[in-house]
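Visitor:
Chains as they are written, first to last, in our numbering: chain A, 273 to 565; chain B, 1173 to 1391.
Here's what the structure looks like:
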């Protein structure tokens, strides 16, 4: 049975089995949960369907969050991406999908936490994009979520996936690493390439603080979901190009834990530092909740 | 931890602690009342009191009080649904000494006169900790299937209940008893491993000193 204590363990197991990381993870989870592999596949497929529905719902231009701080931006990005934008249509729409799911979450929509609600847009931004744009089969997309899940389990085991403990790098950073590995696997990368994509994604989110305005999962969370998808896609492309991470994925995760532990409390989801403490951040908080007692 | 803890849960946003956990707190109260609620008084403390409007915590609690689960699409419309169904909900900000920052105290009144009070906290990731039922001190998280048995404090009550639990093949992982006073209202909190077989809850309700037996399913 897998212990999910290192990315290296996942890569070795996949190589030994002559398959993808998702194959060994699905087989292992079936044993650990005492359920049929087919049943777990269906359960994961149902989660992909919720992701797809949340993308669609979040693209509604009229949608707004309860606080009124966010909503409607995914629709703007979607229409802008249609013209190609700077990044090209695929990349532009991937960003729009990440925004859509994250804005839908803020508007009390139904989402899949991946790994958290605050970072729920990143994985669909990457994986649903590949599926909807005809870059992979439905089966490959569902299976890639097992790889993403395994990467998330290792990060939760070795470090943390809670912003209150490790900052935004723990939530959006973990989600980007999960998405990078998933995309790399979907596009035919080897297990080692998945590990490299994971490492590159973590390196590029390292140190990111959790500083939500008014303590709400909106500003800057929604746009950081878009950036998380962008980092994941860039990391996957580098790994697929054959670029290795000089620092192995497991050591990147250790570094993320150490950086998180050395972050001051004000930058770990307390809404007391960073963007939350800017004059505009404070003003928005007062508009929503009234003056601080 | 398994792969669905990371790719999941499926939930209504925006926050696992301020929304999903809040739904579950309300739902525990709804389950305990065991009839249609007509009035709910919700007291909020700490972060819940400060931020409940922006997070939709009020909507989440209202949804839970009506029996909705944390992935129910109707949560964001729950205040309207409550009004239409004749449920009156009030929220007050209060200080509960020594309580976790995300604590709610919910008092529910049912259509046939029932009343129940539940105090609990949303402790992160959608997990909850129930700390009080009808003024009695309890402690359970909802991570295990939890059987709550409200009964009259009298000799043999615990033996009768646990005998049925044992007879159904269930292993008890944790057991706690609290009572208001000798011979008064008492509450057993029984956390069990594995699935609770059909029929057990009915058997427990049929035991003489038992007033109410409910099952809070694991997260």
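Here a beta-carbon is modelled for each residue, glycine too, at the ideal position from N, C-alpha and C.
If you're wondering where the values come from, they're calculated on a predicted model, not measured in any experiment.
Tell me which same chain residues have a C-beta within less than 7 Å of the C-beta of residue 422 of chain A, skipping the five on either side of it?
Guide: Cβ neighbours of residue 422 of chain A beyond the five flanking positions: 276, 282, 293 and 297.
Visitor: Between residue 565 of chain A and residue 488 of chain A, what straight-line distance do the alpha-carbon atoms span, to the nearest angstrom?
Guide: Per-residue confidence for residue 565 of chain A stands at a pLDDT of 48, beneath the threshold of 50, marking its modelled position as unreliable; no derived number is given.
Visitor: Using a C-beta cutoff of 7 Å, does residue 338 of chain A count as contacting chain B?
Guide: It does; some Cβ of chain B falls within 7 Å.
Visitor: From the beta carbon of residue 1223 of chain B, is the nearest beta carbon of chain A less than 7 Å away?
Guide: Yes, residue 1223 of chain B counts as interfacial toward chain A.
Visitor: What are the partner residues of residue 376 of chain A, as DSSP defines its beta bridges?
Guide: For residue 376 of chain A, which the question treats as bridged, DSSP gives no partner whatsoever.
Visitor: Under 7 Å between C-beta atoms, does residue 1220 of chain B make it to chain A?
Guide: It does not: the Cβ of residue 1220 of chain B has no partner Cβ on chain A nearer than 7 Å.
Visitor: With a threshold of 7 Å on Cβ separation, who are the neighbours of residue 538 of chain A within its own chain once the five nearest residues in sequence on each side are excluded?
Guide: Answer for residue 538 of chain A: 544 and 545, listed in chain order.
Visitor: Apply the 10 Å Cβ neighbour rule to residue 300 of chain A and answer buried if 16 or more other Cβ atoms are within range, or exposed otherwise.
Guide: Buried: at least 16 other Cβ atoms inside 10 Å.
Visitor: Taking residue 370 of chain A as the reference, which of A:288, A:431, A:323 and A:511 has the closest Cα?
Guide: Closest by alpha carbon: A:323.
Visitor: Applying a beta-carbon distance threshold of less than 8 Å, which residues of chain A neighbour residue 1252 of chain B?
Guide: Near residue 1252 of chain B there are no residues of chain A at all, since even the closest Cβ is about 13 Å away, more than 8 Å.
Visitor: At 4 residues or longer, what runs of the alpha helix (DSSP H) sit wholly inside the region 418-500 of chain A?
Guide: The region 418-500 of chain A contains these whole alpha helix (DSSP H) runs: 435-438, 440-458 and 463-477.
Visitor: Are the C-beta of residue 1242 of chain B and some C-beta of chain A separated by less than 7 Å?
Guide: Not one chain A Cβ lies under 7 Å of residue 1242 of chain B.
Visitor: Just list the beta strand (DSSP E) runs in the region 1251-1290 of chain B, keeping only unbroken ones of 3 residues or longer that don't cross its boundaries, in chain order.
Guide: Segments of the beta strand (DSSP E) lying fully in the region 1251-1290 of chain B: 1260-1265 and 1275-1282.
Visitor: Would you decide whether residue 1327 of chain B is buried or exposed? Buried here means 16 or more other CB atoms lie within 10 Å of its CB.
Guide: Exposed is the call here.
Visitor: Keeping to the same chain, check which residues put their C-beta closer than 8 Å to that of residue 1335 of chain B; ignore five residues upstream and five downstream.
Guide: Excluding sequence neighbours, residue 1335 of chain B sits near nothing in its chain.
Visitor: Would you please state the rounded distance, in angstroms, between the beta carbons of residue 399 of chain A and residue 374 of chain A? I believe it to be under 8 Å.
Guide: That belief does not hold up - the Cβ atoms of residue 399 of chain A and residue 374 of chain A are roughly 15 Å apart, past 8 Å.
Visitor: So which of B:1177, B:1242, B:1176 and B:1225 has the shortest CA-CA distance to residue 1183 of chain B?
Guide: Of the listed residues, the one whose Cα sits closest to residue 1183 of chain B is B:1242.
Visitor: Residues of chain A with CB closer than 9 Å to the CB of residue 1248 of chain B, please, in chain order.
Guide: Neighbours of residue 1248 of chain B on chain A, chain order: 338, 379, 380 and 381.
Visitor: Pick from A:466, A:439, A:407 and A:376: whose alpha carbon is nearest that of residue 341 of chain A?
Guide: Cα-wise, what sits closest to residue 341 of chain A is A:376.
Visitor: Rank A:327, A:469 and A:524 by C-alpha distance to the C-alpha of residue 442 of chain A and give the top, closest one.
Guide: The candidate whose alpha carbon is nearest that of residue 442 of chain A is A:524.
Visitor: So which of B:1220, B:1278 and B:1347 has the shortest CA-CA distance to residue 1236 of chain B?
Guide: Answer by Cα proximity: B:1278.
Visitor: Take every Cβ of the region 1278-1291 of chain B, pair it with every Cβ of the region 1332-1347 of chain B, and state whether three or more of those distances are shorter than 8 Å.
Guide: No: the two stretches stay apart, fewer than three of their Cβ pairs being nearer than 8 Å.
Visitor: Check whether the Cβ of residue 1343 of chain B lies closer than 7 Å to any Cβ atom in chain A.
Guide: No, no contact with chain A.
Visitor: Tell me whether the region 1293-1300 of chain B and the region 1184-1197 of chain B touch, counting them as touching only if at least three CB pairs, one residue from each stretch, are closer than 8 Å.
Guide: The region 1293-1300 of chain B is in contact with the region 1184-1197 of chain B.
Visitor: In the DSSP assignment, find the unbroken beta strand (DSSP E) run with residue 1377 of chain B in it and report its ends.
Guide: Premise fails: residue 1377 of chain B lies in the alpha helix (DSSP H), 1372-1377, not in any beta strand (DSSP E).
Visitor: Determine the DSSP secondary structure at residue 268 of chain A, reduced to helix, strand or coil.
Guide: Shown here, chain A extends from 273 to 565; a query on residue 268 of chain A therefore has no answer.
Visitor: State the start and end residues of the unbroken beta strand (DSSP E) segment that holds residue 288 of chain A.
Guide: Per DSSP, residue 288 of chain A belongs to no beta strand (DSSP E); it is in the alpha helix (DSSP H), 279-289.
Visitor: Provide the residue span of the beta strand (DSSP E) that contains residue 296 of chain A, from first to last.
Guide: Careful: residue 296 of chain A lies outside any beta strand (DSSP E), inside the alpha helix (DSSP H) at 293-304.
Visitor: Quick one: using the 10 Å Cβ neighbour count with 16 as the cut-off for buried, is residue 1188 of chain B buried or exposed?
Guide: By the neighbour-count rule (16 or more Cβ atoms within 10 Å), residue 1188 of chain B is buried.
Visitor: Determine whether the Cβ of residue 1362 of chain B lies closer than 7 Å to any Cβ atom of chain A.
Guide: Residue 1362 of chain B does not count as touching chain A.
Visitor: Answer yes or no: does any C-beta atom of chain B fall closer than 7 Å to that of residue 387 of chain A?
Guide: True, the Cβ-Cβ gap to chain B drops below 7 Å.
Visitor: Quick check: is the beta carbon of residue 1350 of chain B nearer than 7 Å to any beta carbon in chain A?
Guide: No, because no Cβ of chain A sits closer than 7 Å to the Cβ of residue 1350 of chain B.
Visitor: Does any CB atom of chain A fall closer than 7 Å to the CB of residue 1374 of chain B?
Guide: For residue 1374 of chain B, the answer is no, since every Cβ of chain A falls outside 7 Å of its Cβ.
Visitor: Determine whether the Cβ of residue 1186 of chain B lies closer than 7 Å to any Cβ atom of chain A.
Guide: With 7 Å as the cut-off, residue 1186 of chain B counts as an interface residue toward chain A.
Visitor: Which residues, in order along the region 300-320 of chain A, keep a beta-carbon less than 7 Å from a beta-carbon of chain B?
Guide: Residues 301, 304, 305, 315, 316 and 319.
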